[in-house]
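Below you'll find the structure, written out as structure tokens, and then a few comments.
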Amino acid sequence: MRIRVFDTPDAAAAYAVALVEQTAAVYAEPVLGLATGGTMIPFYKALVQAVRQGLDLSRAWAINLDEYVGLGAEHPQSCAGFMREHLYRHVPWDGARAHIPDGCAPDLAAECRRYDRLLATHPVHLQFLGIGLNGHIGFNEPGDELVAETHLVELSETTIRSNARFFRDPGEVPRRAITMGVGGILRAERVVLLAFGEQKAEVVARALTGPITTRLPASLLQLHRDVTVLLDTAAAQKIRGKTVENG
Ligand code: F6R
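Those letters in the sequence shown? Residues 3 to 249, by the numbering used here.
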């Protein structure tokens, strides 16, 4: 695991884009695993800029981690809506190569299986992750058990409260989601975890240096052989006993 600490989220985002560029130089059809949420906004901003400056992602696949149950792609607060707003509106992307679970599928279990078939045929080369305040990755919430495959999940109260900031009416925040499982995440060739801000410092330190436990799903990343963690100084401030590189 490599931990890099930057002065600002924008500097970390620029580094994340360099990792996309590296991946795109290696694979004719790079498969990017993408996340939504506030942490990812500077990354997509920098990615859009890189594409405008010549980065060719026309053959790249984009496979998102998760989607709320009951929010259609047209809903602005859906994960699909987030991706449209921050990436696809700016960068033309072949719709056949841009994937996100369908939270309005009539048969949600079948939708989860469809997503796993997609992941089996398009193994992710570079998986981007944020981290929840409770240590979730994707929407794999802390618990006694974790699920390997794509599945339906009841969102925790912490997650519902934290996501309420994106909704006009906090009562509108969905309580269920479809998420890639921890198996799907850990099967990615390379994982990049981003976290910014003081409020993430505690969970980041526990995930990277504490015991590996289903009670803190991000701690499972300690088992992956190629993880890069990109932090700003605020999010890195509680890490002890691990080598961190600057910028
Ligand atoms: C969303 C996702 C979540 C977020 C996490 C952090 O697709 O996978 O795990 O990355 O909840 O969210 P922010 O960045 O809003 O703090």
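We treat Cβ as the ideally placed atom computed from N, Cα and C, and that holds for glycine.
Residue span of the alpha helix (DSSP H) that contains ASN165, given as start and end = 159-165
request  = For GLU87, collect the residues of the same chain with a Cβ closer than 6 Å to its Cβ; drop the 5 residues on either side in sequence, then sort them by chain order.
outcome  = none
message = Taking its Cβ as the centre, do 16 or more other Cβ atoms sit within 10 Å of LEU89, making it buried, or is it exposed?
response = buried
query = Are the beta-carbon atoms of ALA26 and ALA75 separated by less than 8 Å?
reply = no
GLN24 - DSSP class collapsed to helix/strand/coil = helix
request  = Out of CYS81, ALA112, LEU128, state which residue places its alpha-carbon closest to the alpha-carbon of ARG189.
outcome  = LEU128
task = Quick one: give me the first and last residue of the beta strand (DSSP E) that VAL7 is part of.
result = 4-8
task = Could you work out which residue in ALA16, GLU159, GLN79, GLY35 is closest to LEU49 when comparing CA atoms only?
result = ALA16
message = Using only the alpha-carbon positions, how far apart do PHE130 and ALA64 sit?
response = 11 Å
ask   = Can you tell me where the beta strand (DSSP E) with PHE130 in it begins and where it stops?
value = 128-131
message = Suppose you measure from the CA of PRO32 to the CA of GLN201; what does that come to, to the nearest Å?
response = 33 Å
Member of VAL22, ASP9, ALA166 whose CA lies at the smallest distance from the CA of THR230 = VAL22
query = Would you say ALA166 touches the ligand F6R, meaning its beta carbon is less than 7 Å from a heavy atom?
reply = no
inquiry  = the ligand F6R and ASP68: does the residue's C-beta get closer than 7 Å to at least one heavy atom of that ligand?
reply    = yes
ask   = For GLU250, which option in THR123, LEU73, ARG119 has the closest C-alpha, if you only look at C-alpha atoms?
value = With the chain running from 3 to 249 in the structure shown, residue 250 is simply not present.
request  = Counting only the same chain and skipping the five closest in sequence on each side, list residues whose C-beta sits under 7 Å from that of PHE169.
outcome  = GLN79, VAL175
query = With distances taken from CA atoms, which of THR235, SER221, ARG242, ALA13 is nearest ASN136?
reply = SER221
task = Could you have a look at TYR29 and say whether DSSP puts it in helix, strand or coil?
result = coil
key: LEU36 to LEU196 span [Cα, whole Å]   = 12 Å
message = Taking 8 Å as the cut-off, does the region 210-228 touch the region 136-152 (at least 3 CB pairs, one atom from each stretch)?
response = yes
Secondary structure of ALA62, DSSP reduced to three states = coil
request  = Keeping to the same chain, check which residues put their C-beta closer than 8 Å to that of ALA179; ignore five residues upstream and five downstream.
outcome  = ASP68, GLU69, TYR70, VAL71, GLY105, PHE141, LEU154, VAL155, LEU157
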